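>
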């Protein structure tokens with residue numbers, strides 16, 4: 001099958017962009033994992049609230065650690081250490097639309113919660129009690145760019161989608177070790193030195209390399225690269241992003257936007273409504 005050309009679209013109606021994320025591969029539950037740096041938690045909360053308001057049953061959790069969400073970010077909280085009881089409590093939920101936050105335990109000193117293992121999330125997905133499960137599967141120490149360490153990220157193998165984030169402020173900036181999580185790993189991967197530009201060639205390397213931003217992504221999962229916090233550069237970056245998408249047929253889409261803004265995604269490149277019926281690219 002020949003690959004379709006890249007399509008650039010502006011999204012005043014976010015529904016057109018997000019509808020494909022309800023598609024899954026082998027069950028009635030769609031599992032979306034978020035990795036990278038530059039807004040994973042905010043993106044998770046935004047997607048969860050959107051799909052809950054669409055009448056979906058939504059679960060949010062993490063395979064690492066995150067701060068306990070404010071009550072406004074969920075409708076029901078499950079704190080349960082025992083994996084069997086986690087499954088039982090999920091199974092007992094009603095069929096009504098809901099937004100559930102599930103964690104194993106909370107560290108009272110740090111205020112952070114730990115989530116289930118990736119394997120446990122695979123089991124929860126198999127219950128088919130939720131329409132969507134959203135997982136924060138990586139940590140970035142509040143930085144805008146990262147390369148994973150050996151133990152990262154922690155992506156469930158049944159993930160249908162993986163969204164890798166990069167802070168828009170890092171595109172074209174000079175490499176500053178203080179602003180990059182896992183600086184040593186980035187140096188080893190790309191051969192960059194402090195002060196050199198974080199240019200499009202470097203992002204091509206990060207997208208292409210097995211140890212790059214999509215490290216650990218299941219072969220079957222669709223991939224989205226989200227440049228978050230991009231306030232001013234959409235138009236000037238478009239030619240570069242079209243070229244990157246052409247070089248990376250494994251990408252379903254590239255998003256540009258600022259998830260905390262009223263219009264979180266302003267531009268995207270990739271498959272959209274006219275292509276939804278096509279099978280995933282290999």
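In the UniProt record's numbering, the protein residues as written are 1 to 282.
The beta-carbon is built from N, C-alpha and C at its ideal position, and this holds for glycine as well.
Just so we're clear, the structure is a prediction, and the values are computed from it rather than from any experiment.
Taking contact to mean 3 or more Cβ pairs, one atom from each stretch, closer than 8 Å, check whether the region 160-176 and the region 18-38 are in contact.
They touch, by the three-pair rule.
> Measure the Cβ-Cβ separation of residue 118 and residue 154 and say whether it is below 7 Å.
The Cβ atoms of residue 118 and residue 154 lie closer than 7 Å to each other.
> Near residue 140, which residues of its chain fall below 8 Å by C-beta distance, leaving aside the five closest residues on each side in sequence?
36, 37, 38, 40, 146, 181
> Might you give, ordered along the chain, the residues of its own chain that have their beta carbon closer than 6 Å to the beta carbon of residue 265, omitting 5 neighbours on each side?
For residue 265, where only same-chain residues beyond five positions count, the Cβ hits under 6 Å are 11, 17, 255, 257.
> Could you please give the first and the last residue of the uninterrupted alpha helix (DSSP H) stretch that includes residue 48?
40-53
> With DSSP as the reference, label residue 277 as helix, strand or coil.
For residue 277, the pLDDT reaches just 37, beneath the cut-off of 50, and the residue's location in the model is therefore unreliable, leaving the point undetermined.
> Starting from the C-beta of residue 113, find all residues in its chain whose C-beta is less than 8 Å away, skip the five residues before and the five after it, and write them out in chain order.
62, 65, 66, 67, 68, 79, 103, 104, 105, 106, 107
> Return the bridge partner residues of residue 136 from the DSSP annotation.
34, 62
> To the nearest angstrom, how far is the alpha carbon of residue 149 from that of residue 185?
7 Å
> Would DSSP call residue 165 helix, strand or coil?
Three-state DSSP puts residue 165 in a strand.
> In three-state DSSP terms, what is residue 83?
If DSSP states are grouped into helix, strand and coil, residue 83 belongs with the helices.
> Rounding to the nearest angstrom, what Cα-Cα distance links residue 169 and residue 144 in this structure?
Going by the C-alpha atoms only, they are around 8 Å apart.
> What does the Cβ neighbour count give for residue 252, buried or exposed, with the cut at 16 atoms within 10 Å?
buried
> Assuming residue 15 is part of the alpha helix (DSSP H), what are its boundary residues?
14-18
> Just to confirm the assignment, what range does the alpha helix (DSSP H) spanning residue 123 have?
First-last of the alpha helix (DSSP H) with residue 123: 118-127.
> Measuring CA to CA, which of 260, 239, 48 is closest to residue 136?
For the residues 260, 239, 48, the minimum Cα distance to residue 136 belongs to 48.
> For residue 221, count the other beta carbons within 10 Å of its own beta carbon; 16 or more makes it buried, fewer makes it exposed. Which is it?
buried
> Can you tell me whether residue 251 is helix, strand or coil according to DSSP?
Residue state, collapsed to three classes: strand.
> What residue does the beta strand (DSSP E) around residue 184 start on, and which one ends it?
That residue, residue 184, is in no beta strand (DSSP E); its alpha helix (DSSP H) goes 183-190.
> Considering only DSSP beta bridges, list what residue 88 is partnered with.
Partner(s): none; residue 88 has no beta bridge.
> Can the beta-carbon of residue 99 be found closer than 7 Å to that of residue 74?
yes
> Tell me the residue span of the beta strand (DSSP E) that contains residue 204.
Annotation for residue 204: no beta strand (DSSP E) segment contains it, though the alpha helix (DSSP H) segment containing it runs 200-208.
> For residue 56, which residues in the same chain have their Cβ closer than 7 Å to its Cβ, ignoring the five residues on either side in sequence?
97, 131, 132
> Can you tell which of 245, 71, 86 has its C-alpha closest to the C-alpha of residue 204?
245
> Report, in whole angstroms, the separation of the C-beta atoms of residue 101 and residue 77, which I expect to be a contact under 8 Å.
5 Å
> Going by DSSP, what residue range makes up the beta strand (DSSP E) through residue 112?
112-114
> Evaluate residue 86 with the Cβ neighbour count: other Cβ atoms within 10 Å of its Cβ, from every protein chain shown; 16 or more gives buried, anything less gives exposed.
buried
> Going by CA-CA distance only, name the one from 21, 26, 27 that's closest to residue 50.
21
> List the endpoints of the continuous beta strand (DSSP E) containing residue 268.
Here the beta strand (DSSP E) through residue 268 covers 265-270.
> Going by DSSP, name the residue or residues bridged to residue 98.
57
> Using the rule of at least 16 other Cβ atoms within 10 Å of the residue's Cβ for burial, across every protein chain shown, is residue 116 buried or exposed?
buried
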